[in-house]
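This report refers to the structure that appears directly beneath it.
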Amino acid sequence: MRVSRLSGVTTALAAAFALAVAACGTPPTKVPTPVDRLALASEPVTDARFATAVNDLLMSPPNTPERKARLGGVLSRQLARAASRFDQRRPEAGTAAVRGGLTLAQTGELTAEALGPDAAKALTGAALEYSRRGDEGRARAVYELLHQVLPEAQRGDTRGHLDALKAWLQGTTSGGPMQAAGSLESAAVARRMLEPTAQARSEATSYATAWLAQSYEVRRVFRERRVQPEREEAIEALRALGTGPTVLAAIHLRDGDAVGALGAIDKAEARGIARQDLLGSLERVAERAEPAAWLGLLRALRAPPRDAEDAPQDADLLRTVTFCVAREAYRLDPSVPEVAGVVAEGLVELGMPDAAPAALTAAVRAHPEPSILSGAISITLLAMLRAAELEDLTLARHTFQAAVPLLAIADDPKLARQASPNAARARAMMGELEVRDGHLKEAEELFTAASHHEATGAILLALARIDAHTNRAESASTRVQAALTKEDTLRDPGLRGEALLFHADLLRQQGNREGARAVYRRALQDLARVRADSEGELRARVERLLARVLDRFGDATGAERALDRAFEAGAHDKKQAAATVGQQVARALLRRDLRLAQAGLNRGAAAKLEREDLVYYALWTRLLERESKQPTDGLAEKLLAQTEGDPRWIGKVAAFGLGKLPAADLLQAAATPAQRAEAFFYGAMERRLRGDTKAVEEGLRKTLDQGGLDLMEVGLARDLLSDDKGVLGGPPPDVGLP
């Protein structure tokens, strides 16, 4: 199980990241079209080529054989990726990927061939997920498309779902006529935003027009008779009067059709209530669809909303339509920073993070300015984080590779000094992702490259950890001491505590016990001083570090109190709570303290921590239960059984914990150095149950030989192999801790 250290290098990403939006007065860039573009467009799209393929699709002229070919390649690959997300039991990621693929298509462009061989699996997963959420509009959209791609003999089930959805929408609308019209409009528009078909467009236009007409009636009755509508009816009428013209426009702008948008507004007699900036922008695009006109329309759509425009369904609609409008502007001129930023952020949201950096390259090349570059790198970092959340290192690598042209521009010394975040931050973050999977050689290269441009304390500490893990103690010592002098380390108590604890552990492992004691004492004093003035995430981090230092001094009771305080400080943050519970159960495994492990596991289950965390805590607890042979409360086995069928690595870990997967098979299933480290560790723990001391030591040493630098299992293996079991001895200095 990993100990997350992403906060060390990428903390600044939590700040706002918006690409500079100042209009640039440069002339539009004309992109040449080679004679052989159609042949190139017809080549299969692989994951490695996906970023380039998406960018080529965005630049393709509409209604051409080239666009058709490119759409087929991209959409087929995207739905294959969506299907794999559903296979991995990541329904949110799967639906985002399906939504992303469909959003790239315009009305009339979808065919069974374009959707590709994995369409049925991807669409089925999305349909089930939208149905589970109660999102009838999107569920219907996906079922309609699924009905098209399935063979005739297999369409009965989807037809049944479609009939049920239509009956439900027509028969279960609650409230008065205004609310009923609003429910039908919301479902139809949600369907339209996802489903690029003429039928969906027509139905959405019809229901939105009827919704507006009903709001006119509510308004007329109130004006003529002074009859106050019921509260919910009034709220829905105000939503229609405030957003109706925008909704009608969005239905057609989904295809980049400004003329159709104006026609729908006129047919609904909605010009009088439409925003004048929106109308003017639509008219300019309809008159001449040039980059500046599309940019003006984009800005009109992104203008601060009125009070009535806060409905969630309208916010979702605006996110989709702003991406579609930005896509039109991007095709004509990809060098406009504001446009490129909207497209790139949209690609991240729509399950295509690896395509985002490529969408930013032209804008950064045309405007190599610190603010533009900082925005582009911020979006790139966000894209890499999305890949990290999916535990998909390959996707993160492709995202980083797509950003190489951006980083080359960012390496200019003048830009590097002024941009924040900069290229060093991006390289360091990719280094951390490599560390997570145990690829230390790749990580070291990235951290080293980052340090040449910005040798922060976080980067130097990361390099020191790799040095120590690969038996380069002298280099590790030099680097961690340098890290302690850097500005970010001096500013961040958590980073400083990590560096001090690492330095002290390094000295202890080298046999310099007095030197280690002095640094542990310094760490304890520093952490105790800052804890009183910290709160939330920082307070939880500081308390966990205090617990680790107190454990080094042998003060187990003080460490437990610190962990209790850490849990209280981060109880409302699942990541912080998980880190605290993990530390509690891990130290229980080290000390063979079953009571403490069970208490930690119960705490984690009560806090409803993520299954990916609980499965490890349950395994550690189950190992102690098997060793003690005492009656158990059954929680560990229950949690393991809930995860056993997961197709991912955690499912294999759970099966091992239940005794259904031998240690040798767990090792065989390991796909990364980090997973191999886990497998060796758990094999050693199983041998500990049998009392095979020699085999235990051999397994623990093999654990350390892998690349799982940030695994808690590696830290446990190191402490179990040490003569002092990670305890220097006390007493600790009195620093006034509660």
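Using my numbering, the letters of the sequence shown map in sequence onto residues 282 to 1019.
The beta-carbon is built from N, C-alpha and C at its ideal position, and this holds for glycine as well.
For a cut-off of 8 angstroms, the C-beta gap from Leu990 to His648 is around 39 angstroms, too long to register as a contact. At a Cβ-Cβ threshold of 8 angstroms, Leu890 and Met966 do not count as neighbours.
Residues Gly457, Met459, Val499, Val502, Phe503 and Ala518 of the same chain have their beta carbon placed closer than 8 angstroms to that of Pro510, with the five preceding and five following residues left out of the count. Residues of the same chain with a CB within less than 8 angstroms of the CB of Leu443, apart from the 5 flanking positions on each side, are Arg421, Tyr424, Glu425 and His428 in chain order. Contact between the stretch 972-990 and the stretch 925-940 is absent: fewer than three C-beta pairs spanning the two stretches fall below 8 angstroms. Contact between the stretch 911-921 and the stretch 358-375 is absent: fewer than three C-beta pairs spanning the two stretches fall below 8 angstroms. Residue environment: Leu321 is assigned as exposed (fewer than 16 neighbouring CB atoms within 10 Å of its CB, all protein chains considered). Secondary structure remark: continuous alpha helix (DSSP H) runs of at least 4 residues inside the stretch 420-472, in chain order: 437-452. Around Tyr801, the same chain offers Ala785, Val830, Arg833, Phe834 and Leu1009 as residues with beta carbons nearer than 7 angstroms, after the five sequence neighbours per side are excluded. Remark: C-beta atoms of Arg583 and Val629 do not approach each other more closely than 8 angstroms.
Ranked by Cα distance from Pro342, the options Gln495, Ala610 and Asp547 are led by Ala610.
Within the stretch 607-686, the alpha helix (DSSP H) runs of at least 4 residues that lie entirely inside it are, in chain order, 618-630, 637-647, 651-670 and 674-683. Under the three-state reduction of DSSP output, His720 falls in the coil class, being neither helix nor strand. Every alpha helix (DSSP H) stretch that sits fully inside the stretch 504-588 and reaches 4 residues is listed by chain position as 512-534, 539-548, 557-568 and 572-582. Rounded to the nearest whole angstrom, the C-alpha separation of Leu781 and Pro1014 is 16 angstroms. The C-beta of Leu771 has fewer than 16 other C-beta atoms within 10 Å across all chains shown, which makes the residue exposed. For Gln857, the uninterrupted alpha helix (DSSP H) run begins and ends at Lys855 to Arg872, by DSSP.
Here Ser357 is buried. Its C-beta has 16 or more other C-beta atoms within 10 Å. Per DSSP, Gly792 lies in no alpha helix (DSSP H) segment and is marked neither H nor E. If one requires a minimum length of 4 residues, the alpha helix (DSSP H) runs lying completely within the stretch 935-1004 are 944-950, 954-970, 974-986 and 993-1002, in chain order. Nearest in C-alpha terms to Glu908, of all of Leu870, Arg473, Gly389 and Val862, is Leu870. Our two residues, Ala531 and Ala707, have alpha carbons roughly 36 angstroms apart in a direct line. Excluding residues up to 5 positions away in sequence, Gly863, Asp894, Tyr897, Glu959, Leu992, Met993 and Glu994 lie with their Cβ nearer than 8 angstroms to the Cβ of Met282 in the same chain. Nearest to Pro774 by alpha-carbon distance, out of Leu787, Leu641 and Arg803, is Arg803. In terms of Cβ geometry, Lys695 and Thr737 do not form a close pair [threshold 8 angstroms]. Distance between Leu576 and Thr759, taken at the CA atoms: about 52 angstroms. At a cut-off of 4 residues, the continuous stretches assigned as alpha helix (DSSP H) that sit fully inside the stretch 907-936 are 916-924. In this structure, the straight-line span from the alpha carbon of Leu1018 to that of Phe783 is close to 22 angstroms. By a beta-carbon distance limit of 8 angstroms, Leu742 contacts Glu779. Their separation comes to about 7 angstroms.
In this structure, DSSP gives Asn883 a helical state, which the three-state scheme calls helix. The Cβ atoms of Asp836 and Gly1011 lie closer than 8 angstroms to each other.
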